[in-house]
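Quick note on my numbering: the first sequence kicks off at 397 and runs consecutively.
No residue lacks a Cβ here, since even glycine has one placed at the ideal position from N, Cα and C.
All remarks here apply to the structure that follows.
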Amino acid sequence: MVARALLGRVLVCELARTRIAGRIVEVEAYRGRHDPASHAFRGRTGRNAVMFGPPARAYVYFTYGMHHCLNLVCEPRGTAAAVLVRALEPLAGEALLRRRRGVRERERLLRGPGCVAQGLGLSREHDGLPLGRGGLWVAAGAPRRGRRRVRSGPRIGIRRARGRPWRYWLDGHPCVSFGVARAPRAVPR
DNA sequence: GTATCGATTAGC
DNA sequence: CTAATCGATACA
Numbered sequence: 397m398v399a400r401a402l403l404g405r406v407l408v409c410e411l412a413r414t415r416i417a418g419r420i421v422e423v424e425a426y427r428g429r430h431d432p433a434s435h436a437f438r439g440r441t442g443r444n445a446v447m448f449g450p451p452a453r454a455y456v457y458f459t460y461g462m463h464h465c466l467n468l469v470c471e472p473r474g475t476a477a478a479v480l481v482r483a484l485e486p487l488a489g490e491a492l493l494r495r496r497r498g499v500r501e502r503e504r505l506l507r508g509p510g511c512v513a514q515g516l517g518l519s520r521e522h523d524g525l526p527l528g529r530g531g532l533w534v535a536a537g538a539p540r541r542g543r544r545r546v547r548s549g550p551r552i553g554i555r556r557a558r559g560r561p562w563r564y565w566l567d568g569h570p571c572v573s574f575g576v577a578r579a580p581r582a583v584p585r
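Quick look at the structure:
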């Protein structure tokens with residue numbers, strides 16, 4: 397699976413003459429037309445069009461009236477699958493991250509999908525950005541996935557298709573959005 | 001046209 | 001636990 401393989405690799409963001417890098421420690425897979433929790437479940441729309449396009453592009457969407465989230469499109473044209481980047485361990489650009497995020501603790505700088513987009517400075521204008529040419533790419537990354545085991549479980553914050561364990565994270569990593577210490581709250585209703 | 005919800009977060 | 005805040009979606 398693409399999602400699992402991304403763990404431990406390094407996401408590099410060089411936009412607007414800045415440089416931020418982070419180890420990918422938590423992701424979720426969304427599987428298009430076959431996945432009731434995916435934005436692409438009901439077909440192509442203006443928002444999700446990038447997911448139906450070629451792979452290795454950023455799908456950036458706006459949600460809750462105030463947050464953006466970053467996905468990496470990972471299947472061929474016509475198949476709308478993407479991986480949501482939920483959390484990174486900061487490796488470069490921490491001073492800028494502290495300024496953008498307004499928090500001091502390193503483990504909170506890029507913990508949670510909204511925080512990732514805010515930290516990297518991503519918004520809808522970056523939707524469709526090709527990886528590798530537009531200032532955003534995935535580098536080879538850390539050996540042995542940061543020396544942690546990969547765990548999987550239900551995705552966070554969804555109401556449909558909760559039985560599918562398509563969230564993947566590095567076990568015990570302090571930059572994971574919901575670990576042992578912080579359990580995910582149940583989605584209401 | 002109106003009503004409801006959301007791949008979230010921070011704060012109490 | 002809730003407010004914030006607005007685009008997407010559901011429904012009349």
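Distance, Cα to Cα, residue i vs residue j?
| i | j | result |
| --- | --- | --- |
| P451 | V469 | 5 Å |
| G439 | A425 | 17 Å |
| C571 | R507 | 6 Å |
| L492 | G449 | 32 Å |
| S434 | G524 | 17 Å |
| A477 | G575 | 25 Å |
| H430 | F437 | 7 Å |
| P526 | R453 | 4 Å |
| R500 | G474 | 42 Å |
| R555 | T459 | 15 Å |
What are the partner residues of residue i, as DSSP defines its beta bridges?
| i | result |
| --- | --- |
| V459 | Per the sequence presented here, residue 459 reads as Thr, with Val not at that position. BP columns for T459 point to H463. |
| L484 | I420 |
| A454 | L468 |
| S548 | Y564 |
| V534 | L407 |
| R588 | Given that the chain is displayed from residue 397 to residue 585, the structure contains no residue 588 and the question cannot be resolved. |
When DSSP labels each residue in this structure, what does residue i get in the three-state scheme?
| i | result |
| --- | --- |
| L525 | coil |
| G515 | helix |
| P432 | coil |
| V406 | strand |
| L506 | coil |
| L492 | helix |
| G542 | helix |
| R500 | coil |
| R555 | coil |
| R443 | coil |
| F574 | coil |
If contacts are defined as beta-carbon pairs under 8 Å, then residue i and residue j qualify, I think. What distance do you get, rounded to the angstrom?
| i | j | result |
| --- | --- | --- |
| V406 | R419 | 6 Å |
| R544 | L566 | 4 Å |
| V456 | H522 | 5 Å |
| P561 | G549 | 5 Å |
| P472 | A557 | 23 Å between Cβ atoms; not a contact. |
| G489 | A417 | 7 Å |
| R563 | R581 | The pair is not a contact, with the Cβ atoms about 15 Å apart (cut-off 8 Å). |
If we count Cβ pairs, one from each stretch, closer than 8 Å, do we get three or more for the region 474 to 493 versus the region 507 to 520?
yes
Any chance the region 527 to 536 sits against the region 427 to 444, with 3 or more Cβ pairs inside 8 Å?
no
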